[in-house]
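303 is the number of the first residue of the sequence shown in the numbering used here; add one for each residue after it.
So the structure is just underneath, and the comments pick up after that.
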Amino acid sequence: MSFITSEICEIVLKNKLKTENFQIESYSIENCNEEVIGFHAKESLFDFQHASVALITLADFHATFLIQQYVENFQFDEKYEEVCFESLFFQDDETIHEGLVFSFNNILKNICYKYFNKFTKNFIDKTFDNLKLTTIELLKKSKIHRNFLLHGDPWGNNILFKYNDNNQPIEAILVDFQAIRYAPPAVEVLHFLNVGTTNETLLKQDELKDIYFSRLTETLALKHIDINSILTKEDFLKSCKDFIGLTVALRLYYTTLLRLPMNHLKQIQKDADAFLSMFVYGDSENIQKAFEEDKIYQKLLIDCLENTFQCFGN
Numbered sequence: 303m304s305f306i307t308s309e310i311c312e313i314v315l316k317n318k319l320k321t322e323n324f325q326i327e328s329y330s331i332e333n334c335n336e337e338v339i340g341f342h343a344k345e346s347l348f349d350f351q352h353a354s355v356a357l358i359t360l361a362d363f364h365a366t367f368l369i370q371q372y373v374e375n376f377q378f379d380e381k382y383e384e385v386c387f388e389s390l391f392f393q394d395d396e397t398i399h400e401g402l403v404f405s406f407n408n409i410l411k412n413i414c415y416k417y418f419n420k421f422t423k424n425f426i427d428k429t430f431d432n433l434k435l436t437t438i439e440l441l442k443k444s445k446i447h448r449n450f451l452l453h454g455d456p457w458g459n460n461i462l463f464k465y466n467d468n469n470q471p472i473e474a475i476l477v478d479f480q481a482i483r484y485a486p487p488a489v490e491v492l493h494f495l496n497v498g499t500t501n502e503t504l505l506k507q508d509e510l511k512d513i514y515f516s517r518l519t520e521t522l523a524l525k526h527i528d529i530n531s532i533l534t535k536e537d538f539l540k541s542c543k544d545f546i547g548l549t550v551a552l553r554l555y556y557t558t559l560l561r562l563p564m565n566h567l568k569q570i571q572k573d574a575d576a577f578l579s580m581f582v583y584g585d586s587e588n589i590q591k592a593f594e595e596d597k598i599y600q601k602l603l604i605d606c607l608e609n610t611f612q613c614f615g616n
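This is the structure we're talking about:
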């Protein structure tokens, strides 16, 4: 575990989103020197206790958005259309190289061509086409389920924790809102559970979904808003099932980068050409080298790729 120890360290507890015409001022500042605030190292995934605390904070963030809509009586995607777009996983035919779907699909396909020779090139290509289309479609504003303003990138480095004297997490703090998206809350919850938690924690995902929804209900009730007028629990759980394919996709993409061994990641970080080649054009050299040299990383990627072929290879 790493701790922030700077004497003059201040962080934003809640979001401040700002564009030319859009600003939410719901934020507060804390002096980190007065609290024990920390974050998990890159290699760490959240246990049940950390996951519970993080989901409570995500529920509060979502509820704050809903309360603001209710109080000000506006439709978010109509009033703030300019920020209702997907910034991580998208396809734009005019700027095809700018999306992570393009670059990471290229990287992963090249690995599969070489190491998954039990599959034909045509089957691999078709699988990744299905993966791309499904990911892009599911991350769009839903026409079926209720959409919320989401953090968009709820993994370990974007969630800090306050700890008590016994080093137990008592509050989570969200940071880095540059990937916000407007989509159903199931997207955020499933994203967090499948990218940020241990396998043991993920086995308790039903309980964690209950914790999230209960907190959302309680926070809205403080402003006399009935959750059932917005989203019933039945609809929430149904949406979680509808987005199950997204969990496979996000786990694959995030594992490829976030579980990359540190020595390989540092090589990419210090070489601008290597960084751009990988993230913009999908050069697989560095990922492939890590795949060949690090057995833990190799197993993680193989497991994710096998799930991808099982889910999207038809």
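We put the beta carbon where it would ideally sit given N, CA and C, even for glycine.
Please read these numbers as outputs of a predicted model, since none were measured by experiment.
- Counting every other CB atom within 10 Å of its CB across the protein chains shown gives Asn449 a total of 16 or more, marking it as buried.
- With fewer than 16 other Cβ atoms inside 10 Å of its own Cβ, Ala523 counts as exposed.
- No Cβ-Cβ contact shorter than 8 Å links Leu357 with Phe479.
- By the beta-carbon neighbour count (other beta carbons within 10 angstroms, threshold 16), Leu452 is buried.
- Closest in C-alpha terms to Asp362, from the list Leu402, Pro487, Ile604, Asn616, comes Pro487.
- Taking the Cβ atoms as the reference, Phe392 lies roughly 6 Å from Ile438, within the contact range of under 8 Å.
- In summary, Ser531 is exposed, with fewer than 16 beta-carbon neighbours lying within 10 Å of its beta-carbon over all protein chains present.
- Note on geometry: alpha-carbon atoms of Tyr372 and Thr521 lie some 13 Å from one another.
- Collapsing the DSSP output to three states places Ile527 in coil.
- Separation of Val491 and Leu435 (C-alpha to C-alpha, rounded to the nearest whole angstrom) is 21 Å.
- Residue state for Arg553 is assigned as helix, using DSSP reduced to three classes.
- Pro563 and Asp467 have their C-alpha atoms spaced approximately 32 Å apart.
- Straight-line spacing of the CA atoms in Leu390 and Leu402 works out to 6 Å.
- Secondary structure of Glu388 (DSSP, three-state): coil.
- In this structure, Leu607 sits away from Leu548, with a CB-CB distance that is not shorter than 8 Å.
- According to the DSSP secondary-structure assignment, Leu451 is paired through a beta bridge with Tyr484.
- Nearest Cα to Gln590 within the set Cys386, Ile413, Thr499, Lys420: Ile413.
- About 18 Å separates the Cβ atoms of Leu441 and Glu384, ruling out a contact at the 8 Å cut-off.
- Beyond the five residues adjoining it in sequence on each side, Ala365 comes within less than 7 Å, by CB distance, of Leu518, Thr521, Leu522 in the same chain, given in chain order.
- In this structure, DSSP gives Leu462 an extended state, which the three-state scheme calls strand.
- The C-alpha of Lys568 is placed about 21 Å away from the C-alpha of Gly498.
- Under the three-state reduction of DSSP, Thr534 is assigned to coil, being neither helix nor strand.
- Contact check for Val477 and Asn496: beta-carbon distance about 20 Å, past the 8 Å limit, so the pair fails to qualify.
- Taken through DSSP and simplified to helix, strand or coil, Thr503 comes out as helix.
- Closest option to Gln612, judged by alpha-carbon separation, among Val550, Gly454, Phe404, Ile475: Val550.
- By the beta-carbon neighbour count (other beta carbons within 10 angstroms, threshold 16), Asn565 is exposed.
- Closest by C-alpha distance to Leu539, out of Lys525, Ile513, Ile570, is Ile513.
- Judged by beta-carbon spacing, Lys423 lies beyond the 8 Å limit of Cys386, meaning their Cβ atoms are not closer than that value.
- An exposed status is given to Ala574, since fewer than 16 other beta-carbon atoms sit within 10 Å of its beta-carbon.
- Gly615 and Phe425 do touch by the CB rule: their CB atoms are close to 6 Å apart, below 8 Å.
- Under DSSP, the beta-bridge partners assigned to Ile475 are Leu462.
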